[in-house]
Amino acid sequence: MINPALTRASLARLDLARQEAQAQPDADPADQDASPAALLQRFIQSSDEMSAALTQFRNRRLFELKTESRPESFESVLDEDVVPKARQVLALGKVADKPVEWLLQMARSLFPDDSDLALVLRELLRRRQLQAPVRQRLESLLEQVIAQASPRRLKAGINSALKARLFGNAMALRATFLREAYRDFLESDAGAVSSYEDWVALFGPGRRVAVLAFIEAALLTDIDAQDPSCSRSEFGSLLARLADLKRLRSADAMFVGGLLDNALVRQYNPQELDWLVFFFGVLKHPDELDQLLSGVLGEQMLLALHRERSSLLQAVRRACLQLPQELFADSDAGERLAEQFAALAQIAHGHEQIEQRRAMTGANWPGE
2 MINPALTRAS
12 LARLDLARQE
22 AQAQPDADPA
32 DQDASPAALL
42 QRFIQSSDEM
52 SAALTQFRNR
62 RLFELKTESR
72 PESFESVLDE
82 DVVPKARQVL
92 ALGKVADKPV
102 EWLLQMARSL
112 FPDDSDLALV
122 LRELLRRRQL
132 QAPVRQRLES
142 LLEQVIAQAS
152 PRRLKAGINS
162 ALKARLFGNA
172 MALRATFLRE
182 AYRDFLESDA
192 GAVSSYEDWV
202 ALFGPGRRVA
212 VLAFIEAALL
222 TDIDAQDPSC
232 SRSEFGSLLA
242 RLADLKRLRS
252 ADAMFVGGLL
262 DNALVRQYNP
272 QELDWLVFFF
282 GVLKHPDELD
292 QLLSGVLGEQ
302 MLLALHRERS
312 SLLQAVRRAC
322 LQLPQELFAD
332 SDAGERLAEQ
342 FAALAQIAHG
352 HEQIEQRRAM
362 TGANWPGE
């Protein structure tokens, strides 16, 4: 049986995503196709624009640094106020009468993220004109940051920063959110369905394709980095998880997109998010089909004509039974799901026959 508390929590998170989606400005008529496949295609097509955006960002940053006579580059630092804050960190290095713990506390008040702070300190230390005492204090500060930080999160944050900025610009989303999502992906042992569901809840259903594209890009960049966040074997496991997520993305496109292409299905529920909730529910709780159908179709299905109800069930059944078996919670889930649909179809067929007999009786009734 579905845990009510977990279900309520999941639905609450997804409801936040629904509210965010509804709060978005109306799309242009030519942009109405929001199916996962269409989103992925448009995202791929926009890659040139994202590359141009990154080039523009780099040029802007280079101009700022040249204007301010700053040779160091902070383009991997996701704090937008990096230059004035870096000046303050440099000023902290000139304070001789304070312990390194105090310096670290002050520096973290400027750059709370360890990856950002480490990058800033490294860039400052590349300056040849630093006085020896200042350099020594900044080196001690960097050593403390590295010693106290989680090595994986520190390196992952550094290696994924540029991808986070690039995708964040394209998605109209703060890059720091994407960087944190990548770190969480590395540390999580959740299955593909749970991870994908969390991204829908955190970033909204319309961004789920782009978030997965970012995770893939960040992971490949991390693997090729000079100082990667994980070992080879750990990256092997992460690549396997990524493959599972990409299979899930394809199944999402076929399932949700296919159902919403059906005019009868749209008549009873045209909301993509509701069908996403149903999609996740079928994969995670396949034995609770009645409850899941009630959640996505509710009273509208109860009030439907029995022949329409039969057609609606058949459309949902076909979509569910086409889902890859490896996506389900266990290997027998697909068979149990088919049995439940068969029982529902038998009941619906019986009611449909009764409805037809009543219609025929009414048509033959004298005086009609």
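Residue numbers (the working numbering): 2 to 369.
The C-beta atom is built at its ideal place from N, Cα and C for all residues, glycine as well.
Only a predicted model underlies this, so the values are computations on that prediction, with no experimental measurement involved.
Closest by C-alpha distance to residue i, when choosing among the options
i      : options                           : result
Leu120 : Val101, Pro100, Gln149 and Gly158 : Gly158
Leu265 : Lys247, Arg308 and Arg248         : Arg308
Arg109 : Pro134, Glu76 and Asp80           : Asp80
Val101 : Leu143, Val78 and Leu243          : Leu143
Ala330 : Ala191, Val78 and Trp103          : Ala191
Leu187 : Ser238, Ala226 and Leu260         : Ser238
Pro85  : Phe112, Trp103, Leu104 and Leu105 : Phe112
Val373 : Leu294, Lys156 and Asn263         : A query on residue 373 cannot be resolved here, the shown segment of the chain reaching from 2 to 369 and no further.
Gln227 : Lys156, Leu274, Asp333 and Gly259 : Lys156
Assigned secondary structure, residue i (DSSP; H/G/I helix, E/B strand, else coil)
i      : result
Ala226 : coil
Val210 : helix
Asp333 : coil
Gln272 : coil
Leu231 : Here residue 231 turns out to be Cys, not Leu, going by the sequence shown. Three-state DSSP puts Cys231 in coil, outside helix and strand.
Leu131 : coil
Lys247 : helix
Lys285 : helix
Gln323 : coil
Asp114 : coil
Glu340 : helix
Phe215 : helix
With 16 other Cβ atoms within 10 Å as the buried cut-off, status of residue i
i      : result
Arg209 : buried
Glu163 : Looking at the sequence shown, residue 163 is not Glu but Leu. So Leu163 ends up on the buried side.
Arg242 : buried
Glu124 : buried
Leu122 : buried
Asp114 : buried
Leu1   : With the chain running from 2 to 369 in the structure shown, residue 1 is simply not present.
Ala214 : buried
Ser77  : buried
Arg184 : buried
Gly299 : exposed
Ala92  : exposed
Trp200 : buried
Ala87  : buried
Ser151 : exposed
Where the alpha helix (DSSP H) containing residue i begins and where it ends
i      : result
Pro152 : Pro152 to Met172
Asp199 : Ala193 to Phe204
Lys99  : Note, Lys99: premise wrong, no alpha helix (DSSP H); not H, not E.
Asp82  : From DSSP, Asp82 is part of no alpha helix (DSSP H); its letter is neither H nor E.
Glu188 : Ala176 to Glu188
Asp1   : Outside the displayed range of the chain (2 to 369) lies residue 1, so it cannot be described from this structure.
Residue i Cβ short of 7 Å to the ligand ATP heavy atom set
i      : result
Leu240 : Among the ligands in the structure shown, none appear at all, so the ligand ATP cannot be discussed.
Does the structure place the region 89 to 100 close enough to the region 130 to 147 that three or more beta carbon pairs sit under 8 Å? Contact between the region 130 to 147 and the region 89 to 100 is present: 3 or more CB-CB pairs across the two stretches fall below 8 Å.
Taking 8 Å as the cut-off, does the region 286 to 298 touch the region 229 to 242 (at least 3 CB pairs, one atom from each stretch)? These segments do not touch.
With three or more beta-carbon pairs closer than 8 Å as the criterion, would you say the region 174 to 187 touches the region 207 to 223? Using a C-beta cut-off of 8 Å, the region 174 to 187 makes contact with the region 207 to 223, since at least three inter-stretch Cβ pairs fall below that distance.
Are there three or more Cβ pairs, one per stretch, closer than 8 Å when the region 335 to 349 is compared with the region 306 to 325? Three or more beta-carbon pairs separated by less than 8 Å link the region 335 to 349 to the region 306 to 325, which places the two stretches in contact.
At least three beta-carbon pairs within less than 8 Å, the region 192 to 199 to the region 242 to 251: Output reads yes: the region 242 to 251 touches the region 192 to 199.
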